[in-house]
Amino acid sequence: MLDMKFLRNNFQEVKEKLAHRGEDLSELERFGELDERRRTLISETEMLKAKRNEASKQISALKKEKKDAEPAIKEMREVGAKIKEFDAELKEIEESLKLIMLSIPNIPHESVPIGEDEDDNVLARKWGNLPVFDFDEKSHWDIAAELDILDFERAAKVTGSRFVFYKGIGTRLERALISFMMDLHADEHGYTEMMPPQIVNRGSLTGTGQLPKFAKDVFKLEEWDYFLIPTAEVPVTNFHRDEIFSVEDLPKKYTAYSANFRSEAGSAGRDTRGLIRQHQFNKVELVHFTKPEDSYGTLETLTGDAEKVLQRLNLPYRVMSMCTGDLGFTAAKKYDIEVWIPSQETYREISSCSNFEDFQARRASIRFRREADGKLEFVHTLNGSGLAVGRTVAAILENYQQKDGSVVIPEALRPYMGGKHVIKT
RNA sequence: GGAGGCAUACCCAAGUCUGGCUGAAGGGGUCGGUCUUGAAAACCGAAAGGCGGGUCAAACCGCGCGGGGGUUCGAAUCCCUCUGCCUCCUCCA
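Numbering (our numbering), first residue to last: 26 to 450.
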């Protein structure tokens, strides 16, 4: 959410910056009128309330002196009715205004490249050497089928499409990756580990920005106003919702494992095979709370922390700086880390690292106090995947595949795999 | 699932029965001082505190006692409703 005063005072400038996102900005047009009406109503109603408070004291005094208060009471009866009327309209206006404010995306940072879609994203860096195969490389789902470690067919029977059973050593690989990533971030990068609830309420999804606008993308529980989390970002960021940090509490950084659930509305027909796009997938998430002046430096280290996972696993990747048209609703700046997927001869997103500045903090009311008697300020929040586990499995299976159909286990992972070096039938 | 209790500011906590000098007491904490080699303790003193309107900034005004609604001239206080927490019983991995 943007600051209303800032939006009011910089309307044209904000509008121009948001236009680069290529989103529908019709909501924005209604802001000025509603904002104006709101402030008029507030001053009118508050004037009446001041009058009422004054009269209330007099009535109290009159009664104490056993004098007749009836004329004053009679007059106030009318004032009270008027206040009720104004308050009702004000409430309506404020609800509309709030909905508009919650539906306006974040302002892109000045360093974000201007562009329309993913073709305009800018390469930040590349790492690693692409594997060279002296045989026809296979897709990860074909490799997995031969090794009997993933079962999509039975998952379709048990649940539906875009679900999977991990089996045998495939399960072990997934589990090993989760531990490996968590250990790296907790022990070497200094994050505090978390295992969050995987079901959250409406307030949490509003706090991080998935609601009200993107209700279609999340699974909702029937009979409950609860939702399956689309990412651990939601519970972990909202862990500090409605809280005030003292300045020495910052920065705070958490790493959290969770399953993630996404309806994938609108992606029918895309990535229908394999692990790339599932309704349920595991992810290790990184979440930071920082002082405003630190957040852009933190975005770089956060991205570096996520990259470290791929480096340790020796998987080739590139980092893309997302252009204004591909930023997503909440981010002011975002890097995607994309891992090489040989069978598709392309890089695929495996981590998304964003600085939200105070966009989420304002929605979720997460603040800090710089000095004991100082003003409250919003913190900046950031998060990134570190990493998406299923996609990492896909990348390992494909990049480490051998001619005989076996898959070599990356060295860094072997201690987590009972010392195994290779997955074979 | 059954029975009862609780929710007040950064924290603790009075006020709720009996609506109106509560413009939310008091304490802790915070800040300054005395004392001390330094600190702690004790004592003295002080400020401030959330949200909105307003202003260059103030002044000023309104709101705020878990959320929402109602009664009333007036609600922390009365009524309805929702949520969360605690205790006991029941059940359960």
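The C-beta atom is built at its ideal place from N, Cα and C for all residues, glycine as well.
Apart from the five residues just before and just after residue i, which ones in its own chain have a Cβ nearer than 8 angstroms to its Cβ?
{"i": "Asn146", "result": "Pro138, Gly140, Met345, Ser346, Met347, Cys348, Asp351, Asp361"}
{"i": "Arg46", "result": "Pro130, Pro133, Thr349, Gly350, Leu352"}
{"i": "Thr70", "result": "Ile108, Phe111, Asp112, Leu115"}
{"i": "Ser283", "result": "Met220, Pro221, Gln223, Ile254, Thr256, Ala257, Pro260, Asn307, Lys308, Glu310"}
Return yes when the Cβ of residue j is within less than 9 angstroms of the Cβ of residue i, no when it is not.
{"i": "Glu162", "j": "Glu402", "result": "no"}
{"i": "Arg227", "j": "Phe252", "result": "yes"}
{"i": "Leu115", "j": "Leu66", "result": "yes"}
{"i": "Val259", "j": "Thr280", "result": "no"}
{"i": "Val21", "j": "Leu198", "result": "This structure cannot settle anything about residue 21, because the visible part of the chain is limited to 26 through 450."}
{"i": "Arg388", "j": "Leu127", "result": "yes"}
{"i": "Asn263", "j": "Ser229", "result": "yes"}
{"i": "Asp383", "j": "Pro440", "result": "no"}
{"i": "Asp176", "j": "Phe190", "result": "yes"}
{"i": "Ser292", "j": "Ala331", "result": "no"}
{"i": "Lys428", "j": "Phe158", "result": "yes"}
{"i": "Glu119", "j": "Arg63", "result": "yes"}
{"i": "Lys30", "j": "Leu209", "result": "no"}
Taking only the alpha-carbon atoms, compute the straight-line gap between residue i and residue j and give it to the nearest angstrom.
{"i": "Val432", "j": "Ala201", "result": "15 angstroms"}
{"i": "Gln385", "j": "Gly299", "result": "33 angstroms"}
{"i": "Val39", "j": "Phe354", "result": "15 angstroms"}
{"i": "Gln83", "j": "Asn408", "result": "56 angstroms"}
{"i": "Asp212", "j": "Asn339", "result": "20 angstroms"}
{"i": "Arg266", "j": "Pro237", "result": "17 angstroms"}
{"i": "His446", "j": "Ser271", "result": "48 angstroms"}
{"i": "Glu310", "j": "Ala257", "result": "6 angstroms"}
{"i": "Ala149", "j": "Glu143", "result": "14 angstroms"}
{"i": "Ile224", "j": "Lys88", "result": "56 angstroms"}
{"i": "Ala170", "j": "Glu247", "result": "35 angstroms"}
{"i": "Thr328", "j": "Lys278", "result": "13 angstroms"}
{"i": "Thr196", "j": "Glu61", "result": "58 angstroms"}
Sorry if obvious, but does the Cβ on residue i come closer than 8 angstroms to a heavy atom of the ligand COA?
{"i": "Ser292", "result": "Ligands displayed in this structure: none; no statement on the ligand COA is therefore possible."}
Pop quiz: residue i and residue j are said to be a contact at Cβ under 8 angstroms. What is the actual Cβ separation, rounded to whole angstroms?
{"i": "Trp152", "j": "Pro341", "result": "7 angstroms"}
{"i": "Phe188", "j": "Gln305", "result": "6 angstroms"}
{"i": "Leu412", "j": "Met206", "result": "7 angstroms"}
{"i": "Ala357", "j": "Pro133", "result": "6 angstroms"}
{"i": "Phe56", "j": "Leu73", "result": "Going by Cβ atoms, the distance from Phe56 to Leu73 rounds to 26 angstroms, so no, they are not a contact pair."}
{"i": "Arg343", "j": "Tyr372", "result": "5 angstroms"}
{"i": "Leu59", "j": "Ser136", "result": "Not quite, the Cβ-Cβ distance comes to about 32 angstroms (not below 8 angstroms), so this is no contact."}
{"i": "Ser320", "j": "His214", "result": "Not a contact, Cβ separation roughly 17 angstroms."}
{"i": "Leu324", "j": "Cys378", "result": "7 angstroms"}
Measure from the alpha carbon of residue i to the alpha carbon of each residue in the options, then state which is nearest.
{"i": "Phe286", "options": "Phe264, Leu275, Asp242", "result": "Asp242"}
{"i": "Thr315", "options": "Glu119, Leu275, Ala181", "result": "Leu275"}
{"i": "Phe239", "options": "Ser136, His214, Ala290", "result": "Ala290"}
{"i": "Arg102", "options": "Lys89, Ala80, Ile168", "result": "Ala80"}
{"i": "Ile203", "options": "Arg416, Gly215, Ala86", "result": "Arg416"}
{"i": "Thr217", "options": "Thr326, Val261, Lys91, Lys182", "result": "Val261"}
{"i": "Asn154", "options": "Gly444, Ile366, Arg295", "result": "Ile366"}
{"i": "Ala181", "options": "Ala75, Gln303, Met26, Asp28", "result": "Gln303"}
{"i": "Ile98", "options": "Asn307, Arg77, Thr328, Phe160", "result": "Arg77"}
{"i": "Leu27", "options": "Leu53, Glu48, Asp49", "result": "Leu53"}
Among residues of its own chain, excluding the 5 on either side of residue i, which ones have a beta-carbon nearer than 6 angstroms to its beta-carbon?
{"i": "Ala420", "result": "Leu340, Val364"}
{"i": "Ser51", "result": "none"}
Can you name, in chain order, every residue of its own chain whose Cβ lies under 7 angstroms from the Cβ of residue i, other than the five neighbours on each side?
{"i": "Pro222", "result": "Pro260"}
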